[in-house]
Structure formats: structure tokens, C-alpha cells
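As C-alpha cells, the structure follows; a few thoughts come after it.
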Amino acid sequence: MGLLKDLRDFFFPRVCVCCGKLLSSQEEGLCVRCMASLPRTGLLNTPENEMERRFWGIFPVERASALYYYARGGNVSNILYGMKYHGRRKLCVQMGRMIATELMGTGFFDGIDCVMPVPLHKKRLRERGYNQSELLAIGISEMTGIPVETSSLIRKHNNTTQTHKSSFERWENVSGLFDITSRAAVWSGKHILLIDDVLTTGATISACIDALKVIPSIKISIVTLAWSKS
Ligand SMILES: [Zn+2]
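The opening residue of the sequence shown carries number 49 in our numbering; numbering runs sequentially from there.
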């Protein structure tokens with residue numbers, strides 16, 4: 049195993065997704081220096097925090113938290129880009145573990161029945177080969193033992209990228225984007241944790257909630273790796 053890993057590292061050098069420096073064998077995805085420099089939100093399990101308030105008037109979410117602040121061109125945006133476009137599967141899982149490590153012991157995961165990633169459209173999933181939010185969920189699940197659920201919520205359309213759209217256009221673009229499957233009935237009266245890589249306007253997660261809120265007595269919490277506060 050050791051030799052194979054050395055050979056793989058020789059042909060595919062492992063570099064930090066933020067600064068591009070070679071990683072040591074203990075480092076995964078990014079170097080300890082860059083890891084330590086990431087802007088933590090410190091939201092933890094604070095009730096009625098600013099992120100949770102984003103959803104007031106849409107749905108009474110139980111809890112909302114994010115690990116890092118997102119800023120265009122910053123290290124967190126490098127991580128998100130690597131997770132999405134450079135096939136950095138291990139980095140996604142590792143970031144999920146980081147989220148779990150931050151929030152375990154704060155009560156954030158108490159009573160949560162499943163971790164539900166925001167789904168990709170099946171065409172996008174085929175192209176990318178994985179759903180970065182599902183890998184985040186797997187990282188959380190590894191640490192907390194909470195199961196990952198991917199069969200209850202589906203993305204109906206392959207919507208165009210949100211990046212260059214105005215806030216209003218983003219909301220227009222995602223309305224009716226998700227639907228629940230017949231399996232979703234098992235979450236009646238349960239508490240699900242929706243997870244996505246980044247929260248910007250909240251439009252995508254709100255569209256998920258729109259589809260899920262028809263499940264009787266469902267409780268919904270939200271966690272993302274990154275949060276764009278402005
Ligand atoms: Zn680095």
C-alpha cells in the first residue's frame with residue numbers, strides 16, 4: 049500500500065488546493081498552514097444566528113450553521129472550486145469531517161435522523177461523477193454515525209449556473225427545481241439535516257425546503273461548508 053501510494057504521489061503530485069505547495073503524507077487536500085488561515089464563522093450551534101435568519105418567513109428551520117466564510121477569490125473559494133471542478137473527492141469528504149469536528153459537542157447534531165445532500169441533476173452527476181455535497185455528507189456521517197440519505201429528494205432540472213445571475217434571477221431560476229420521491233414519506237416527523245457546499249442567497253436550499261416541507265411534521269436543519277454573508 050505504501051509503495052503504491054508513493055508511486056501515485058509521484059505521478060499525481062498532491063498539492064495544496066489553496067497555495068499549490070506539495071503536501072506531506074499527513075496532509076490531505078490542503079496544507080496545515082492554509083487550513084489554519086481559513087476564515088471560520090464561529091456560528092457553531094448559536095440559536096437564531098444570522099444564517100438561520102435568512103430562512104425566516106420561508107420555513108422555521110431548527111438550526112443553521114456554516115464552517116467558513118466565503119469570499120470571492122479567497123482560499124475558501126479555491127477549496128469550493130477544487131471540490132467541484134478538479135475531482136477532489138477526498139477533499140470533499142475531509143471537509144465534511146471538518147464540519148462534523150467543529151459542530152460535534154455543540155449539540156448541533158442532536159436528534160438529527162439523516163444528512164441529506166442537495167442533489168445534483170442526474171446529467172450533472174454523470175458528468176462530474178460525484179456530488180460534492182454528498183461527499184461532505186459522507187464525511188459528517190463518518191464522524192457522527194448519522195446516515196446519509198440520497199433517495200428522497202431529486203433535482204428535476206439541470207439549471208444553468210447561478211454564478212452570474214442577480215439575486216432575483218437566482219430565486220426565479222430555482223423555483224420548482226426539486227421534488228420529493230415516494231420514499232420521502234419515511235421522514236414524516238423526523239429531523240433532517242440539509243447540506244450544501246456553499247450558501248449564497250439561500251435560493252437553492254429554500255427550493256429544497258419548498259419540496260420537503262409537504263412531508264408532515266418534518267424538522268429541517270441546514271449546514272454548509274461555506275457561507276457568503278453579504
Ligand atoms: Zn497551502
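Glycine included, every Cβ here is placed at the ideal spot set by N, Cα and C.
Keep in mind that this is a model prediction, so the values were computed, not measured.
| request: With a cut-off of 5 Å, give the chain-ordered residues whose Cβ is closer than this to any heavy atom of ligand 3. | output: Summarising the ligand content, the structure contains ligand 1 and does not contain ligand 3.
| field | With 16 other Cβ atoms within 10 Å as the buried cut-off, status of Cys67 | value | In the sequence shown, counting from the first residue as 1, residue 67 sits at position 19. It is exposed - the Cβ of Cys67 has fewer than 16 other Cβ atoms within 10 Å.
| query | Between Val246, Ser278, Ser230, which lies nearest to Ala259 when the distance is taken from Cα to Cα? | reply | Position 211 of the sequence shown, counted from the start, is the residue given in the question as residue 259. Comparing Cα positions, the closest option is Ser230.
| query | Is the region 175-192 in contact with the region 142-153, if contact means three or more CB pairs nearer than 8 Å? | reply | As far as the Cβ criterion goes, the region 175-192 touches the region 142-153, which means the pair count is three or higher.
| query | From Val109 to Arg81, what does the alpha carbon distance come to, in whole angstroms? | reply | Locating residue 109 in the sequence shown gives position 61, where the first residue counts as 1. Locating residue 81 in the sequence shown gives position 33, where the first residue counts as 1. Between Val109 and Arg81, the C-alpha separation is close to 35 Å.
| field | From Val124, Arg101, Asp161, Arg102, residue whose alpha carbon lies closest to that of Ser85 | value | As a working mapping, residue 85 is identified with position 37 in the sequence shown. With distances taken between Cα atoms, Ser85 lies closest to Val124.
| message | Let me confirm a value: Asn179 is counted as buried when at least 16 other C-beta atoms fall within 10 Å, else exposed. Which label applies? | response | If you number the sequence shown from 1, residue 179 lands on position 131. So Asn179 counts as buried.
| query | Near Arg203, what residues of its chain come up, given a Cβ to Cβ distance below 7 Å and the 5 sequence neighbours on each side ignored? | reply | Counting from one through the sequence shown, the residue named residue 203 turns up at place 155. So the list reads Pro167, Leu168, His169, Leu225, Phe226, once near-sequence residues are dropped.
| Mapping DSSP to helix, strand and coil, what is Glu75? | Numbered from its first residue, the sequence shown carries residue 75 at position 27. In the three-state scheme derived from DSSP, where H, G and I count as helix and E and B as strand, Glu75 is classed as coil.
| Is Tyr117 helix, strand or coil when you go by DSSP? | Translated into the one-based positions of the sequence shown, residue 117 becomes position 69. In the structure shown, Tyr117 sits in a strand (DSSP, three-state: E or B).
| field | Three-pair Cβ contact test at 8 Å for the region 156-167 versus the region 126-138 | value | As far as the Cβ criterion goes, the region 156-167 does not touch the region 126-138, which means the pair count is below three.
| field | Euclidean distance between Cα positions of Gly237 and Lys261 | value | Within the sequence shown, residue 237 is the residue found at index 189, counting from 1. Within the sequence shown, residue 261 is the residue found at index 213, counting from 1. CA-CA distance, Gly237 to Lys261, rounds to 11 Å.
| said: Which same chain residues end up closer than 6 Å to Ser276 when comparing Cβ atoms and leaving out the 5 residues on each side of it in sequence? | reply: If you number the sequence shown from 1, residue 276 lands on position 228. If you ignore the 5 residues before and after Ser276, its C-beta comes within less than 6 Å of the C-beta of Tyr118, Thr248, all in its own chain and listed in chain order.
| field | As assigned by DSSP and simplified to three states, the class of Met164 | value | Position 116 of the sequence shown, counted from the first residue, corresponds to residue 164. The answer is strand: DSSP assigns Met164 an E or B state.
| Beta-carbon separation of Leu183 and Ala232 under 8 Å? | Position 135 of the sequence shown, counted from the first residue, corresponds to residue 183. Position 184 of the sequence shown, counted from the first residue, corresponds to residue 232. When the beta-carbon positions are compared, Leu183 and Ala232 stay at least 8 Å from each other.
| said: By alpha-carbon positions, which one of Arg176, Val234, Lys138, Ile106 ends up nearest to Arg265? | reply: The count along the sequence shown starts at 1 and reaches residue 265 at position 217. Just to set this straight, residue 265 is Ser in the shown sequence, not Arg. The shortest C-alpha to C-alpha distance from Ser265 to any of Arg176, Val234, Lys138, Ile106 is the one to Val234.
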